[in-house]
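The structure appears right after this line, and notes come after that.
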RNA sequence: AAAGCAGGUCGUCUUAUCGCUUUGUUCAAAACAAAGAGGAAAGUCCGGACACCAAAGAGUAGCAUAGCGGAUAACAUCCGUCGUCACGUUUAAAUGUGAAAGGACCAGUGCAACAGAAAGAAUGUACAGUGAGGCUGUAGUGAAAUCAGGUAAACUCUAUGCGGUGCAAUGCUAAAUAGGUUGGAGUGCUGUUUUUCAGAUAAGAGUUACUCGCUCAAUUCCAAUGGGUAAGCAGCUAAAGUUACAGGGUAACCUGUAACGCAGAUAAAUGAUAAGAGUUCUGAAACUUUCAGAAUACAGAAUCCGGCUUACAGACCUGCUUUUUUU
RNA sequence: UGACCCAUAGUGUAAUGGUAGCACUCCGGUUUUUGGUACCGUCAGUCAAGGUUCGAAUCCUUGUGGGUCAA
């Protein structure tokens, strides 16, 4: 399958994000935390995902952008793991970076695989 | 040649694979093509453009600026120039560099710790000058000691300028109900016996801090209009535009011609991985090349421009100063 | 994104441009068999840099950190 991550696949609606933080459940693989919720949304993709980095931990916009780009990249490369096993239900995801130091691409990719495996075991 | 200071310019590149945003082509899915961060995009310290507010008016208050001349859409910015101060050179005259704070204490008010006889109605002590009164000088404290004193980054005065709010401004799109807004009619207050007609007192609320001024009005019915609900679209990028050349001007800058058409996201695109190259530093071999290691900055558009300020690996250019070497 | 505010010992708060105070805390001592209470004493600060001034917590400029409001 294609490793794309387009506008329609991103989590953007403020209402959905509000629901996600109010009722969603979480999994963690430090320094990345996943908040997920099963819900109906308009997109024809099965999963809408977003990423978030706290301004408290990274004051500079350059650092925040860099980490968000890395998180999007590792999700894009590894999301096929979910699509292979999950066919019916629709979910929304939010990946939050809770660490205080920047990590390399290789480390984040490993953590992302751990997170997805944890999610699929549920 | 090296070091230091000041100013200016630039501020990594190539290939492969996988992706993102916008635009264009194709009926569509998708594919292909083109374009895609900065000198500070930052701080938000000034100045504008643009939009809305007729409850936007007038005055006061308030705020800002401050030699002179010019540039500009405008400015607290920039350029030129005079003065002052600091530092350097010099016996001196003079000269070089740097500085946002450079109107007025002959309008008024205030302030000056400690020290000192005395700090703003001055005039004490000692010594010297003179015959004496008195006057002058010196000593002493202090940043400042009598003179139209100092101080306005003290209040203040003078001159000039400033309406307010900011793109989360503002406009548009969407079914029904309630509410909102606008218009009309009736009731109600005053004048009148009644209808017609005419009027809006007192008191209150609102507005830019205050004053003047201005605006509003209780309730029922009918009609029209309209769009909050974290939504979408417009505003949104062609602009006081960029580059080159020529001319004018000491300069800031201006004028003309030609070419270019140069990000537009919105939980927020401009990326990731791998390989290589470049630059600098260090070490080793070697004697001007090779090998190894390290570093490769500050930082990410959010309505748009002109400045200022702050951050910045490294490279280059210009000027000045010092040291050394050669002639 | 835009518009604003604040900063004084560890904490809370004062200070006309003229010696930076006060209270609590901490630490030491006295009292007590010991602890507490009470009493006495010490330490500790103007967010940073530059400027104006004879002299700056205070006035001016720039930065740093923290906070508030607007859909």
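Residue numbers (our numbering): 281 to 402. No residue lacks a Cβ here, since even glycine has one placed at the ideal position from N, Cα and C. Here the structure is a predicted model, which means the values were calculated and not measured.
Using only CA atoms, which one of the options lies nearest to residue i?
i           : options            : result
residue 376 : 327, 295, 301      : 301
residue 284 : 356, 339, 307      : 356
residue 402 : 286, 318, 311, 330 : 318
residue 303 : 363, 386, 373      : 373
residue 324 : 371, 341, 344, 294 : 371
residue 380 : 290, 288, 339      : 339
residue 306 : 320, 388, 378      : 378
residue 368 : 320, 342, 398, 393 : 320
Could you tell me whether the Cβ atoms of residue i and residue j are closer together than 8 Å?
i           : j           : result
residue 327 : residue 358 : no
residue 390 : residue 347 : no
residue 312 : residue 388 : yes
Just curious, the beta strand (DSSP E) that residue i is in, first and last residue?
i           : result
residue 331 : 327 to 333
residue 307 : 305 to 309
residue 313 : 312 to 318
Would you kindly work out how many angstroms separate the C-alpha atoms of residue i and residue j, rounded to a whole number?
i           : j           : result
residue 354 : residue 296 : 23 Å
residue 385 : residue 336 : 22 Å
residue 315 : residue 365 : 19 Å
residue 289 : residue 329 : 7 Å
residue 298 : residue 332 : 14 Å
residue 349 : residue 342 : 11 Å
residue 392 : residue 309 : 8 Å
residue 334 : residue 399 : 23 Å
residue 293 : residue 286 : 15 Å
residue 363 : residue 291 : 17 Å
residue 394 : residue 344 : 23 Å
Hey, is residue i close to the ligand GTP, as in C-beta under 7 Å from one of its heavy atoms?
i           : result
residue 321 : The model on display carries no ligand, and the ligand GTP is accordingly not part of it.
Let's see if you can read the secondary structure: which residues bound the alpha helix (DSSP H) around residue i?
i           : result
residue 365 : 360 to 365
residue 387 : 385 to 401
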